[in-house]
């Protein structure tokens, strides 16, 4: 094996950048590591108008003005009219659907997905992808499995709608991918590498608390198999979700893992360890280009075994593996 | 239904009292609520000699000198000789077996349970009960299920050994109870009332992090059925395990829930709500008397619908339901 290999235009197809000071702290970290990212709209209040979306995009570009970086914007799903969708189309890469109350800032989400068939129908006609946080309100380890029926309904009822099952975590979701041509998925770094054991098997690590919750070993195994075999419907989406340390090491700790600084490094190690370097480019960029029909900014990164220490904090945020040494570095090739 | 009912000599058949300042903070709380308790030996270092056990017992009695309270002492399982066991017999209610490293202060536990057949054999002959923390080192949600084979081996190989499956949490453990006459079990307040949803279904609540981890709804249902039908092999054991708040609201949070102050109150509400008041006396005292052959101190408590606010802290320890209002009170009848 050569000492290093190159990836082009890495994309993070599921990213939370938050607002204001937090945005300014974390956006440059993603901009350094990625050519672009799909930006989640669950702000307070959520991004539900083009005006808000355009100004949020400006804030993001301002926050990472030292880097060339493409924020692919999303609207927060609501009962949009056909005219609104038509007007939004050129500004967005998709619309993100949250069932009501399933994760951070999703209180304004959809209560009954099937009540919005007219919106899905318009999105299908306009070619606007639907990005879905696929969890029910059931028992925390079963929520994604229980949502499979909704994915099935969406996939069958709107066969030309591009549907992304966001941050999938279970064997059942991987299986569902192959049942419907119009279903695709993102997978996070943490669900690819960790299980509930890492969060709660020894001492409790609140920094690994996320929604969907980390799952069982056989679920992780299914995700790894999909990624390592180069499944073309699977994209990287970090779901990197910063919270200040005060909201993590406390009594009612918020859900989210900040993985932007370590994603490329840890993924490089993962693909190298599994002798699957040739599958990294597809997962980190090419599958997303093909699924969404996008042409990302040209950026090249060299992946090399070159240990570095992850900063313990990024401003107030503790990153995954903060303070520890990672073996692989990802450096821009000028 | 009458407004109040009486229980006599409530026993907590699984209790952690710790040492020094923590012992002095929490022991009186148990002494006020219970006639006696089985005291766990996982101190640092663990209680493995009679001298240590006798002095620990004195410390406990000193700490709750305002109340009549019987600490039923246990030794930490190790390779005891027959002579040691014979000498220990009159001082102990049983010996507590921890697989190595499964919970707080269990680093000195047993690596291979079957290597200690000679000790179990001596305990059987001497009539010393074996109390077991039944978890493997597998995936955190499977550890108790995986330990069932070891319970089976113990129950079959030593058919006259009294074996207590401590703090059972799963449907499989409840089922196992009925397969072998010499198997018994304790059930905690938190595993009886809560599931993993309560700890990690919304925001993360580190105060509900415990070992064994909270389980699935169908597991809780099996525990509730056993308790509400008055299963005579099932005893209350709180596994109340105080940690200072600094070890709970932090990055590597310790496992344990402090339930001593609220156990009688919350159990009273549970039995009343399920129209099973008549089953409370067995669960809280009579089954233990019969299984262990003990005659506890006579103490009577009146259970009454009389709301009270749980203190937010006991010294440095946050109790279960701290700061909230409970509907039922348990007051000593003089």
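Residue numbers (the numbering used here), protein chains in the order written: chain A, 162 to 495; chain B, 162 to 495. Quick reminder that beta carbons are idealized off the backbone N, C-alpha and C, glycines included.
With contacts defined as CB atoms closer than 8 Å, residue 220 of chain A and residue 457 of chain A fail to qualify as a contacting pair. By the rule that beta-carbons nearer than 8 Å mark a contact, residue 361 of chain A touches chain B. In this structure, the beta-carbon distance from residue 455 of chain A to residue 395 of chain A does not fall below 8 Å. Boundaries of the alpha helix (DSSP H) harbouring residue 187 of chain B: 181–194, taken from the DSSP string. Inclusion of residue 388 of chain B and residue 444 of chain B in the CB contact set at 8 Å is warranted, their separation being smaller than that value. In the DSSP secondary-structure assignment, residue 255 of chain A is bridged to A:235.
Where residue 388 of chain A is concerned, the enclosing alpha helix (DSSP H) starts and stops at 378–389. Chain order gives the chain B residues near residue 410 of chain A as 410, 411 and 412, where near means a beta carbon separation below 7 Å. Around residue 245 of chain A, the same chain offers no residue with a beta carbon nearer than 6 Å, after the five sequence neighbours per side are excluded. Following the DSSP letters along the chain, one finds residue 347 of chain A inside the beta strand (DSSP E) bounded by residues 344–348. Chain-ordered, the chain A residues with CB closer than 8 Å to the CB of residue 374 of chain B read 361. Rounded to the nearest whole angstrom, the CA to CA distance from residue 212 of chain B to residue 248 of chain B is 11 Å. Look at residue 197 of chain B here: in three-state DSSP terms it is strand. As computed with DSSP, residue 167 of chain A is found in a beta bridge with A:463.
About 14 Å separates the beta carbons of residue 222 of chain B and residue 195 of chain B, which is beyond the 8 Å limit, so they are not a contact pair. In summary, residue 372 of chain A is buried, with 16 or more beta-carbon neighbours lying within 10 Å of its beta-carbon over all protein chains present. Shown here, residue 336 of chain A sits in a helix according to DSSP, grouped into three states. For residue 173 of chain A, the enclosing beta strand (DSSP E) covers residues 172–176. Between residue 402 of chain A and the set A:300, A:266, A:165 and A:449, the nearest pair of CA atoms involves A:266. Less than 8 Å divides the Cβ of residue 174 of chain A from the Cβ of residue 449 of chain A.
In the three-state scheme derived from DSSP, where H, G and I count as helix and E and B as strand, residue 323 of chain A is classed as coil. Taking the beta carbon of residue 326 of chain A as reference, no residue of chain B falls within 8 Å; the closest one sits roughly 21 Å away.
DSSP links residue 469 of chain A through a beta bridge to A:487. Shortest Cα-Cα distance from residue 227 of chain A to any of A:475, A:292 and A:192 involves A:192. By the neighbour-count definition (other C-beta atoms within 10 Å, threshold 16), residue 285 of chain B is a buried residue.
Using a C-beta cut-off of 8 Å, the segment 305–313 of chain B makes contact with the segment 276–296 of chain B, since at least three inter-stretch Cβ pairs fall below that distance. Contact of residue 400 of chain A with chain B is not assigned, every C-beta pair being separated by 8 Å or more. Across the structure, residue 339 of chain B and residue 316 of chain B are spaced so that their CA atoms are roughly 12 Å apart. Counting C-beta pairs closer than 8 Å gives fewer than three between the segment 200–215 of chain B and the segment 429–440 of chain B, which falls short of the contact rule. Residues of chain B with a Cβ closer than 7 Å to the Cβ of residue 415 of chain A are, in chain order, 364.
In this structure, the beta-carbon distance from residue 399 of chain B to residue 426 of chain B does not fall below 8 Å. Annotation for residue 367 of chain B: 409, 410 and 414 place their beta carbon closer than 7 Å to its own, counting only its chain and skipping 5 residues before and after. Listed as beta-bridge partners of residue 308 of chain B by DSSP are no residues whatsoever.
For the segment 340–362 of chain A, residues whose beta-carbon sits nearer than 9 Å to a beta-carbon of chain B comprise 356, 357, 358, 360, 361 and 362. As a beta-bridge residue in DSSP terms, residue 365 of chain B pairs with A:414.
For residue 177 of chain A, no chain B residue has a C-beta closer than 7 Å to its own C-beta; the minimum C-beta separation is roughly 17 Å.
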